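Residue numbering for the sequence shown follows my numbering, starting at 9 and increasing by one per position.
One structure below.
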Amino acid sequence: MPVNDGRPGAPSDSRGDGFAGGCVSLIVLLIEIPVALLLGLASVIRGWGRADEQTVAPQMDWVPILWLGGFTLGVLVIAVVFLCSAHPFAGAVQLLLAAVALLFTIAAWHDQYERAHPPPPPTRSGMPHAPSGT
9 MPVNDGRPGA PSDSRGDGFA GGCVSLIVLL IEIPVALLLG LASVIRGWGR
59 ADEQTVAPQM DWVPILWLGG FTLGVLVIAV VFLCSAHPFA GAVQLLLAAV
109 ALLFTIAAWH DQYERAHPPP PPTRSGMPHA PSGT
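Rendered as structure tokens:
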């Protein structure tokens, strides 16, 4: 039960202070931004030099997808902790960051899927998979 000291003007202890939530959110963001930049840099460096290596379609590289998915999951866990510990502002910021990280995860998956499944080459008529009986 929240303590209100019996005074009508005293704030309730059931919700976190907005300033404290903002400070906590800023501190966590200052930690998460370099981690996200390192994940992005590692993903880019990992992809260098592989564009001209193979003539056949390569398999999907799941490492960047799993890294970004793990980062997204970690941000979601932090958001839930903030929301449960009466810091709604910090939790909302973390939920927005998790949504952005999820978009990057989906984009990485789509990029890897397109790389592993290239479109078929065109046939003589210019149409892929044109029937040969006509």
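Cβ coordinates follow ideal geometry from the N, Cα and C atoms, glycine included.
These numbers were taken from a predicted model, which means no experiment stands behind them.
Item, Value
"Residues of its chain near Ile73, where Cβ-Cβ distance is below 6 Å and the 5 sequence neighbours each way are ignored", "Ala116 and Trp117"
"Residue closest to Ala28, alpha-carbon to alpha-carbon, out of Gly99, Pro127, Pro130 and Ala106", "Gly99"
"Beta-carbon proximity check, Leu76 vs Thr113, cutoff 8 Å", "yes"
"When Ile41, Trp70, Pro42 and Val43 are compared against Gly55, the one with the closest alpha-carbon", "Trp70"
"Buried/exposed call for Ala106, threshold 16 Cβ in 10 Å", "buried"
"Span separating the alpha-carbon of Phe97 from that of Pro42", "21 Å"
"Distance, Pro126 Cα to Leu47 Cα", "26 Å"
"Chain-order list of residues whose beta-carbon lies under 7 Å from that of Glu40 (same chain, five-residue window excluded)", "Val83 and Leu105"
"C-beta atoms of Leu111 and Ala87 nearer than 8 Å", "no"
"CA-to-CA distance, Gln67 to Arg123, given in whole angstroms", "8 Å"
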